[in-house]
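A.B. asks:
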Amino acid sequence: MINIDINVSILLKEYPFHDRFAQAAKLGFNAVEFYWGPDLVPGEAAQRIVDAGLKVPAFNLDAGDMAAGDRGLLNDPRHKDRIMQNLPVAFDLAHRVGCKKLTALPGNFLPDEERERQLDRIRENFRWVCEEAKAEGITIMVEAINGFDNPAYPFTTTEETISFMDSVGADNLEYLYDIYHMQRMEGNITSTLEKHIDRIGHIQIADCPGRHFPGSGEINYRQVFETIEKSGYKSYIGLEYIAENGTEESLAWLPQPLRRGIYLDSLFA
């Protein structure tokens, strides 16, 4: 069985943010993930998640104004106080909902500073975040994102992200592998999964092009899921795609009995 969760920051937008947790449960999911956004009230979110009986495999740390193009805060010295204030709040939310993995986006490159110097700062800040998280029993994840839509983002391929992780040297730092982003940047999805599955802490999926539901584009998701299942991967796969005609319609590919976990023989019968 492959564990599945739904990202309620990109899906279920038909509902107010905190109502999405109950809606996810009504649709048959038992796990969710989400971004740290302006609509998130940590205490209320925690209560709604608990009330809905949901698991939280992962959520994003504060990444700034993502709608305006921010992709994290760790590279910008102006956000140091904000990071230090929000990190304990995120840890508290994680403990309240039983979440053991948090995603830290590094932040875009700044235009007027040498990139190597910025990478050094990102590296040191990841070491600090990982150290703080380790004391809380939490793993940090870093994600590679496609450079077509995010040209200033530091990590746009699997290999450079893994290399960065090695340079940080933290044993609680894992790779968030986003199949949509990496299909656009490098392809070779199944070979990447086979090569790096031990470094991957979480997987997110959407089809390509368009970032819509699996089966709407060029990716052979049957082969992808078979590779994941054979690998022994035990963490979650997050649905992180754009629903053009509403979330419920976009879920037609995934029958409700499989939204708590995919059995390939049932999905592809």
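Residue 276 is where the sequence shown starts when you use our numbering, and the numbers rise one by one after that.
Positions of the beta carbon are idealized from the N, C-alpha and C atoms, including for glycine.
Remember, predicted model here, so these are calculated numbers, not experimental data.
(1) Can the beta-carbon of A321 be found less than 8 Å from the beta-carbon of L368?
(2) Kindly indicate which residue of L448, I397, S442 has the alpha-carbon position closest to the one of G412.
(3) In whole angstroms, what is the alpha-carbon distance linking M359 and L539?
(4) Rounded to whole angstroms, what is the Cα-Cα separation between N305 and G490?
(5) Name the one or two DSSP bridge partners that F334 has.
(6) How would you label D446, buried or exposed, when you count the other beta carbons within 10 angstroms and need 16 or more for buried?
(7) In this structure, does DSSP put V325 in helix, strand or coil?
(8) From which residue to which residue does the alpha helix (DSSP H) around L579 run?
(9) Measuring only the C-alpha atoms, how far is R392 from Y428?
(10) How many Å lie between A300 and D453 at the Cα?
(11) Could you have a look at H370 and say whether DSSP puts it in helix, strand or coil?
(12) Going by Cα to Cα distance, which pick from G513, A527, A365, P386 is closest to V316?
(13) Is the number of C-beta pairs between the stretch 372-382 and the stretch 458-475 that are closer than 8 Å three or more?
(14) Just the Cα atoms here: how many angstroms apart are I281 and I420?
(15) Given E523, which residues of its chain have a CB within under 8 Å of its CB, disregarding the five upstream and five downstream residues?
(16) Pick from V443, R323, R390, G485: whose alpha carbon is nearest that of F423?
(17) Are D560 and L385 touching if we call contact CB-CB under 8 Å?
(18) Mind checking which residues open and close the beta strand (DSSP E) that includes E289?
(19) Compute the distance between the beta-carbons of V325 and V307, then report whether it is under 8 Å.
(20) By a C-beta neighbour count over all protein chains shown, 10 Å radius and 16 as the cutoff for buried, is R295 buried or exposed?
(21) Cβ atoms of D482 and Y516: under 8 Å apart, would you say?
(22) Considering only residues of the same chain and omitting the five flanking positions on each side of D314, which have a CB-CB separation below 8 Å?
C.D. replies: In brief:
(1) Contact flag set, yes.
(2) Of the candidates L448, I397, S442, L448 places its Cα closest to the Cα of G412.
(3) M359 and L539 have their C-alpha atoms spaced approximately 43 Å apart.
(4) C-alpha separation (whole angstroms): 23 Å.
(5) BP columns for F334 point to F309, L377.
(6) Classification for D446: exposed.
(7) Of the three classes helix, strand and coil, the one that applies to V325 here is helix, per DSSP.
(8) The structure shown does not extend to residue 579, since the chain spans only 276 to 544, so no value can be given for it.
(9) About 15 Å.
(10) When rounded, the distance between both Cα atoms is 24 Å.
(11) Assigned with DSSP and collapsed to three states, H370 falls in helix.
(12) The option with the nearest alpha carbon to V316 is A365.
(13) The stretch 372-382 vs the stretch 458-475: no contact.
(14) Their Cα atoms are separated by approximately 19 Å.
(15) Around E523: L302.
(16) Closest by alpha carbon: G485.
(17) Nothing about residue 560 can be read from this structure; the chain reaches only from 276 to 544.
(18) For E289, there is no enclosing beta strand (DSSP E), as DSSP marks it with neither H nor E.
(19) Not in contact: V325 and V307 (Cβ atoms no closer than 8 Å).
(20) Residue environment for R295: buried (at least 16 other C-beta atoms within 10 angstroms of its C-beta).
(21) Their beta carbons are under 8 Å apart, which means Y516 touches D482 by this criterion.
(22) Excluding positions up to five away in sequence, the list reads P291, F292, H293.
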